[in-house]
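Taking this note's numbering, the leading residue of the sequence shown gets 9, the next gets one more, and so forth.
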Amino acid sequence: MDNFRAWFTSYEQNDEEDYCPLFSPPPPLPPPPPPTGAPPQGGGCTITNHHKFDDEDDAPVVAIQQTDPTLFFRRQQQQQQHVLMPDNTTSSGKNKGKNMRRHYKSSAVQGESSTSDEKHKRMMHRDIERQRRQEMASLYASLRFQLPLEYIKGKRSVSDHVMEAAKYIEHKQKSIRELEEKRDKLRSWSKNGDDGGGHVASAAVTVRPCLEGVEILISCGIPKQGFRVSRALHLLGDQQGLQLLSCVCSRVDDTLLHTIRAQVSSHARVDFQELQRNLIYALNS
9 MDNFRAWFTS
19 YEQNDEEDYC
29 PLFSPPPPLP
39 PPPPPTGAPP
49 QGGGCTITNH
59 HKFDDEDDAP
69 VVAIQQTDPT
79 LFFRRQQQQQ
89 QHVLMPDNTT
99 SSGKNKGKNM
109 RRHYKSSAVQ
119 GESSTSDEKH
129 KRMMHRDIER
139 QRRQEMASLY
149 ASLRFQLPLE
159 YIKGKRSVSD
169 HVMEAAKYIE
179 HKQKSIRELE
189 EKRDKLRSWS
199 KNGDDGGGHV
209 ASAAVTVRPC
219 LEGVEILISC
229 GIPKQGFRVS
239 RALHLLGDQQ
249 GLQLLSCVCS
259 RVDDTLLHTI
269 RAQVSSHARV
279 DFQELQRNLI
289 YALNS
């Protein structure tokens with residue numbers, strides 16, 4: 009009982025009133041609130057909690073102060089309305105939280121998709137680069153296989169192999185040009201086929217100056233009916249200013265080579281090109 013009286017210390021101090029609205033039934037309807045600045049009507053009490061504890065087992069001390077009796081009921085109704093009718097701001101806050109979570113999820117999904125795309129692009133780039141290097145390595149190997157041993161001996165780097173390949177190509181081009189010139193020269197000396205003229209191939213004539221005067225080289229195939237060198241000798245005899253010195257004939261495989269030398273007089277002027285054309289016409293006619 010001592011503890012119970014301690015809880016209501018403020019109530020015991022008021023000896024004039026014998027009841028408290030806390031233990032009496034509430035009125036049916038509260039009166040309207042008084043205007044601003046008006047003094048409170050009637051008596052009442054409010055409950056205030058003092059955060060002081062006499063002992064661990066004691067409850068908090070409740071002080072009842074005399075005040076407006078309708079204030080207590082208005083506060084209860086406001087608390088009940090607050091509990092029964094949730095505030096719109098709370099629901100809007102929940103909606104905002106849901107929207108933010110959805111936004112974070114969508115942004116996380118987009119970030120994962122972008123990272124996966126970048127990984128895929130990097131993998132594709134690595135595969136393409138690997139394939140290109142393999143193809144280049146196979147091409148270098150085939151190029152090294154085509155080069156002769158003297159071009160790649162003592163050289164291991166790819167750049168050295170490429171330089172030697174360029175030199176080898178230039179050497180081959182030069183050899184091809186020399187062979188083409190030799191082919192054209194052989195074609196000018198001979199003609200394919202025998203059409204009954206008694207020659208296997210036409211004769212090739214070269215006229216050039218020498219120490220004695222002029223030297224004439226005649227190359228032709230071995231004829232079936234014999235070769236009349238007298239045609240060339242007769243033409244040279246008719247040429248003014250020339251004196252025959254020697255005529256040598258030799259055979260190389262299936263080709264006859266005639267070397268004729270003649271002396272040119274000091275007062276004579278000989279046209280070597282004209283003489284060569286006349287000999288070719290006389291021997292091949």
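We put the beta carbon where it would ideally sit given N, CA and C, even for glycine.
Regarding residue i and the ligand NAP, is the C-beta to nearest heavy atom distance less than 7 Å?
i, result
"Lys129", "With respect to the ligand NAP, the structure offers nothing, as it holds no ligand at all."
So if DSSP puts residue i in a beta bridge, which residue, or which two residues, is it bridged to?
i, result
"Ala212", "Ser227"
"Leu265", "Ser227 and Ser258"
"Ala270", "Val222 and Leu252"
In angstroms with no decimal places, state the Cα-to-Cα distance between residue i and residue j.
i, j, result
"Ile268", "Gln181", "37 Å"
"Ile226", "Leu265", "6 Å"
"Gln247", "Leu155", "57 Å"
"Glu137", "Ser167", "20 Å"
"Asp192", "Asp135", "54 Å"
"Leu241", "Ser274", "21 Å"
"Gly162", "Arg141", "24 Å"
"Glu172", "Ala149", "14 Å"
"Phe153", "Ala145", "12 Å"
"Arg195", "Arg285", "17 Å"
"Val260", "Ala212", "15 Å"
"Leu157", "Leu151", "12 Å"
"Arg164", "Val170", "11 Å"
"Glu143", "Arg130", "20 Å"
"Thr123", "Gln139", "25 Å"
"Ser258", "Glu186", "26 Å"
In chain order, what residues of the same chain lie with their CB nearer than 7 Å to the CB of residue i, ignoring the 5 residues before and after it?
i, result
"Glu220", "Leu253, Arg269 and Gln271"
"Arg239", "Ala290 and Leu291"
"Glu178", "none"
I need the DSSP call for residue i, collapsed to helix, strand or coil.
i, result
"Gln281", "helix"
"Ala276", "coil"
"Val237", "coil"
"Gly249", "coil"
"Ser122", "helix"
"Ser183", "helix"
"Ser254", "strand"
"Leu151", "helix"
"Arg164", "coil"
"Leu243", "helix"
Between which residues of its own chain and residue i is the CB-CB distance below 8 Å, once the five residues before and five after are set aside?
i, result
"Lys175", "Tyr159"
"Glu64", "Unreliable positioning characterises Glu64 in this predicted model, as indicated by a pLDDT of 46, which lies under 50. The coordinate reading is nonetheless provided below. Around Glu64: no qualifying Cβ."
"Phe280", "Val215, Arg216, Pro217 and Val222"
Whose C-beta lies closer than 6 Å to the C-beta of residue i among residues of the same chain, with five residues either side of it excluded?
i, result
"Asp203", "Its pLDDT being 45, under 50, Asp203 is placed unreliably in this model, and the coordinates cannot settle the point."
"Val256", "Thr267"
"Leu283", "Val215"
"Ser121", "none"
Let's see if you can read the secondary structure: which residues bound the alpha helix (DSSP H) around residue i?
i, result
"Glu158", "Leu157 to Ile160"
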